[in-house]
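One structure is given here, and the rest of the page talks about it.
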Amino acid sequence: MGNFRAFGNTPLVLLISRLFLVCCDITDGNAEHLKREHSLMKPYQGVGNSPSSQWDFWGSTLVTSSYVRLTPDEGSKQGSIWNTVPCYLKDWEMHVQFKVHGAGKKGLHGDGIALWYTKDKLHPGPVFGNQDQFHGLALFLDTFRNDLHGMDRSFPYISAMVNNGSVNYDHGKDGRSSELGGCSAEIRNRQHDTYLAIRYSRGRLTVMIDVEDKNEWKECIDIGGVRLPTGYFFGASAATGDLSDNHDIISMKLYQLMVEHTPEEENLDWTKIEPSVSLLKIGFIYHNIDDPTGNFRGTALTGWKVFLLLLCALLGIVVCAVVGAVVFQKRQERNKRFY
Ligand SMILES: [Ca+2]
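Numbers -31 to -1, 1 to 308, taken from mature numbering (1 follows the signal peptide of the UniProt record, and there is no 0), label the letters of the sequence shown in order.
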C-alpha cells in the first residue's frame, strides 16, 4: 500500500503547475482518491475466483500472493488480467508496479507487456496477447526489437497508441507507424522495483516511469488532444514467442484526479466519445475538433506564445526604429552636404 508517488512532488512544481494550469490537480497521496474497484493489489484476494471479483484473468496468467505473472519465462505464452468494472472517471492516473525478468541474455528475450484502457476486455489476440484493432488506449512495454531498421532507438521501448478500431498494430515495425510517443527505458532484470504511471486528464496523456530506483518520476510521453471515452476497462497483457521472459504485474492502482469541468463538459455523454488524437503529425487519426473534452494541447504554451509574439513584435519595432533613425540621419547629413 506504500510507495505512493505523485507526479509533482515539490511545492515549487505544484505552485508552477497550478499557476500555469498545466496539471489541473496533483494526486496528493490522499487514500480516498484511490479507487479500489479499479485497483489490483496484493494479496489479490478473490481475483478471478468469485462472482464478486473485480478482476478476471486469462491464458498463462498465474496469480500468487505476491505477484500476477502474465507469462512465465517460456516460449509461446500469452496471458492477461482485466478489471471487470468499467471506469467512469473522467480524469485518472494509473500507477503500475511491474517486473520483467528472465534468463535470456540482453536482446534475447521478449516480447513485453501491454497496458490497456479499452472498450473490450478478455479478447485474446496477437498484440501482446490482446486483440488487434482495439478501441481505446494501449501502452506497450516492448522488450524485443522486431524492426532491424529502427536502430535509432534502443530497447526496451515504451510507446502509446490510441485506436478507434480501424488501425492494426504493426509488430514487424514495433508499432512505430501508429505510435503517439515513446521512450527507451531499461526495465528488465532490475534488482529494484519498477513503476510506470499513466495520467489522462482533460485530453492530455502523460506517461511517467520510475525504473532507476531514485523514487522519482521521469517523463516518457506527454501529448495533448487525446480523446478517450469513459466506461472502458483497464487491463494488462503479455506475450512470449521464440524468446521469453517472466512478465509480472505487482500492482495496478487507479487514482481519481480531482479536476473541475465546465457544465457543458459535464453534460456531454462521455461514454459516446470515439477514441482519437488530434496530433497533426499522425497521419492515421483524424479530426481536430475544438471540443472541451479533448484537444487541450498547448494550453500550457498559450501564455508563452503570447509573450514570445509580443517580444518579437517589440524587437521588430525597436529594429525598425533604429534602422529608420540611422537612415534618416545619413540622409540629413547627405542633404547638408548638398546645401
Ligand atoms: Ca517488439
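From the three backbone atoms N, C-alpha and C, an ideal C-beta is built for every residue, glycine too.
**OP:** Taking T163 and K68 to be in contact with their CB atoms under 8 angstroms, please state how far apart those CB atoms are, rounded to whole angstroms.
**Re:** 6 angstroms
Original post:
To the nearest angstrom, how far is it from the Cα of residue 316 to the Cα of H216?
Top reply: For residue 316 there is no data in the structure shown, the boundaries of the chain being -31 and 308.
Original post:
Near ligand 1, which residues have their beta-carbon less than 7 angstroms from any of its heavy atoms, given in chain order?
Top reply: G79, D80, G81, D111, F113, R114, N115, H140 and D143
Subject >> Coil, strand or helix - S213 by DSSP >> reply: coil
**OP:** State the DSSP-derived secondary structure class of S147, mapped to helix, strand or coil.
**Re:** helix
**OP:** In angstroms with no decimal places, state the Cα-to-Cα distance between T40 and L31.
**Re:** 8 angstroms
Original post:
Any idea if D111 is buried or exposed, counting beta-carbon neighbours within 10 angstroms, 16 or more meaning buried?
Top reply: buried
Original post:
Do you know offhand how far M177's Cα is from G28's?
Top reply: 29 angstroms
**OP:** Would you grab the beta carbon distance between G94 and S128 for me? Rounded to a whole angstrom, and I think it's under 8 angstroms.
**Re:** With a Cβ gap of about 18 angstroms, G94 and S128 do not count as contacting.
Subject >> Unbroken alpha helix (DSSP H) run spanning N236, endpoints >> reply: P232 to N236
Original post:
For N18, which of R5, V96 and T33 has the nearest alpha-carbon?
Top reply: T33
Subject >> Whole-Å CB distance - H78 paired with S213, under 8 angstroms assumed >> reply: 7 angstroms
Original post:
Cβ atoms of E62 and Y201: under 8 angstroms apart, would you say?
Top reply: no
**OP:** Determine the extent of the beta strand (DSSP E) in which T40 is found, giving its start and end residues.
**Re:** V37 to T40
**OP:** Compare the C-alpha of E155 against each of V291, C281, C56 and C189 and name the closest.
**Re:** C189
Original post:
Going by DSSP, which residues form a beta bridge with Q47?
Top reply: A208
Original post:
In three-state DSSP terms, what is R159?
Top reply: coil
Original post:
Is the CB-CB distance between G71 and F103 below 8 angstroms?
Top reply: no
Original post:
When we look at the beta-carbon of S286 and count the other beta-carbons within 10 Å, is it buried (16 or more) or exposed?
Top reply: Looking at the sequence shown, residue 286 is not Ser but Ile. With fewer than 16 other Cβ atoms within 10 Å, it is exposed.
Subject >> Q66 (DSSP reduced to helix, strand or coil) >> reply: strand
**OP:** Using only alpha-carbon positions, find the residue among N158, K90, H2 and T87 that is nearest to K74.
**Re:** N158
Original post:
Given W85, which residues of its chain have a CB within under 6 angstroms of its CB, disregarding the five upstream and five downstream residues?
Top reply: A107 and G204
Original post:
Exposed or buried, which one is D238 when buried takes at least 16 other CB atoms within 10 Å?
Top reply: exposed
Original post:
With distances taken from CA atoms, which of A207, L278, E235 and G194 is nearest D42?
Top reply: A207
Original post:
Would you call N132 buried or exposed, if buried means 16 or more other Cβ atoms sit within 10 Å of its Cβ?
Top reply: buried
Original post:
Residues in its own chain within less than 8 angstroms of K241 by CB, not counting five upstream and five downstream?
Top reply: P198
Subject >> Span of the beta strand (DSSP E), counted from its first residue to its last, around E188 >> reply: K187 to I192
Original post:
In its own chain, which residues sit with a C-beta less than 6 angstroms from the C-beta of K187, not counting the 5 before and 5 after it?
Top reply: I178
Original post:
If you drop the 5 nearest sequence neighbours on each side, which residues of the same chain put their C-beta closer than 7 angstroms to that of N52?
Top reply: H7, Q23, W24, F202, F203 and G204
**OP:** Can you give me the Cβ contacts of F265 inside the same chain, cut-off strictly under 6 angstroms, excluding the 5 residues immediately before and after it?
**Re:** Reliability fails at F265, whose pLDDT of 34 lies under 50, so the model's placement of it is uncertain and the value that follows must be treated cautiously. Within the same chain, F265 has close Cβ partners R171, G172, R173 and G193.
Original post:
Should S220 be labelled buried (16 or more other beta-carbon atoms within 10 Å of its own) or exposed?
Top reply: buried
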